Amino acid sequence: AQKITQTQPGMFVQEKEAVTLDCTYDTSDQSYGLFWYKQPSSGEMIFLIYQGSYDEQNATEGRYSLNFQKARKSANLVISASQLGDSAMYFCASPGNTPLVFGKGTRLSVIA
Amino acid sequence: KAGVTQTPRYLIKTRGQQVTLSCSPISGHRSVSWYQQTPGQGLQFLFEYFSETQRNKGNFPGRFSGRQFSNSRSEMNVSTLELGDSALYLCASSPRTRNTGELFFGEGSRLTVL
Chain E
1 AQKITQTQPG MFVQEKEAVT LDCTYDTSDQ SYGLFWYKQP SSGEMIFLIY
51 QGSYDEQNAT EGRYSLNFQK ARKSANLVIS ASQLGDSAMY FCASPGNTPL
101 VFGKGTRLSV IA
Chain S
113 KAGVTQTPRY LIKTRGQQVT LSCSPISGHR SVSWYQQTPG QGLQFLFEYF
163 SETQRNKGNF PGRFSGRQFS NSRSEMNVST LELGDSALYL CASSPRTRNT
213 GELFFGEGSR LTVL
C-alpha cells in the first residue's frame, strides 16, 4: 500500500473488554498484504497478524483478529479480552515502495 | 533461533559528532532494512540492503549512510549529528528475496543528541 492511515492516536479499554483499532489503506495494487505490529515501551516491533488481499477469510491469531473490508480498504485490528500487557503502540503496515509503509500508530492503554 | 540484535541499545552524542549503529540479522536472513522512529514523524524508512547491495533508500540526507557485510550484518552511520536525529533506530531482517513485508525487528538503538 502506498499510504496507511490510523486515525486514532490513543485508545482506552477496560481490562477483559474487546477493542478495535482502525486502519485504512490506499493502494493501486491488486495483490497486497496488511500487517499489524505491537510496540511495547521496550521498542521492539512485534508481529501480530497478517492478512493477504486474496485471503477469503479474516485472519485470526489467538486474541487478535483482523476485520478486513476490501471494498472499504480497511483492515481493523480487533483485540478480544484485553489484558494489561496489551498496553502498547499498535501499527498497521503494508509493503509499498519500501519494505513496509507504516501508519502513525495508535497508543492503546488498558485500564484495570 | 536468535532474533535481530542491535547494538548499542542506548547512546548519547553531542551535535556534530558521528555515530555508528550495528545490526545482526536472524541467521539466514539476507535482507536488512533500517527505520527511524520519532514522535513527530513516526516510522520512516532509511535504507534496505540485500546481499551487500543497497536495494532501496529513503528520503534522508547524505549524512545517513549504511552498508552490509558478507555475513549480512549491517551498520548505519550518521555524521554531523543534529538535534533532530534523536530517535529510535530500528533494524529489521527478512528471509525473503523479494519484498513481501515479512520483517523481523530488533529492539532498536535509542539515540539522544544533545
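Those sequence lines, one after another, are chains E and S.
Note that the numbering used here numbers the first sequence so that position 56 is 56, with each residue one more than the last.
Here the numbering used here = 1-based position in the second sequence + 112.
Virtual Cβ for every residue (Gly too), placed ideally from N, Cα, C.
These figures come from a predicted structure and were not determined experimentally.
- Of all residues in the stretch 154-168 of chain S, only Gly154, Leu155, Phe157, Glu160, Asn168 place a beta-carbon less than 8 Å from a beta-carbon of chain E.
- Distance from the Cα of glycine 43 of chain E is smallest, within the candidate group E:Phe91, E:Ala112, E:Ile111, E:Val110, for E:Phe91.
- When Cβ pairs closer than 8 Å are counted between the two stretches, the stretch 200-216 of chain S is seen to touch the stretch 38-53 of chain E, the count reaching three or more.
- For leucine 133 of chain S, no CB of chain E lies under 8 Å from its own CB, so it is not counted at the interface with that chain.
- In this structure, DSSP gives glycine 128 of chain S a state outside helix and strand, which the three-state scheme calls coil.
- In the three-state DSSP reduction, aspartate 197 of chain S falls in the helix class (H, G or I).
- Under the 8 Å criterion on CB atoms, proline 9 of chain E is classed as non-interfacial with respect to chain S.
- When DSSP states are grouped into helix, strand and coil, leucine 100 of chain E belongs to the coil group.
- Between the C-alpha atoms of arginine 210 of chain S and cysteine 135 of chain S there is a straight-line separation of about 20 Å.
- Closest in C-alpha terms to glutamine 129 of chain S, from the list S:Glu194, S:Gln153, S:Ala114, S:Arg185, comes S:Glu194.
- Taking all protein chains in view, the Cβ of isoleucine 79 of chain E is crowded by 16 or more other Cβ atoms within 10 Å, so the residue is classified as buried.
- With a 10 Å radius around the Cβ and a threshold of 16 neighbouring Cβ atoms, tyrosine 147 of chain S comes out buried.
- Taking the Cα of serine 82 of chain E as reference, the smallest distance to any Cα among E:Gly10, E:Asn67, E:Lys16, E:Phe12 is reached at E:Lys16.
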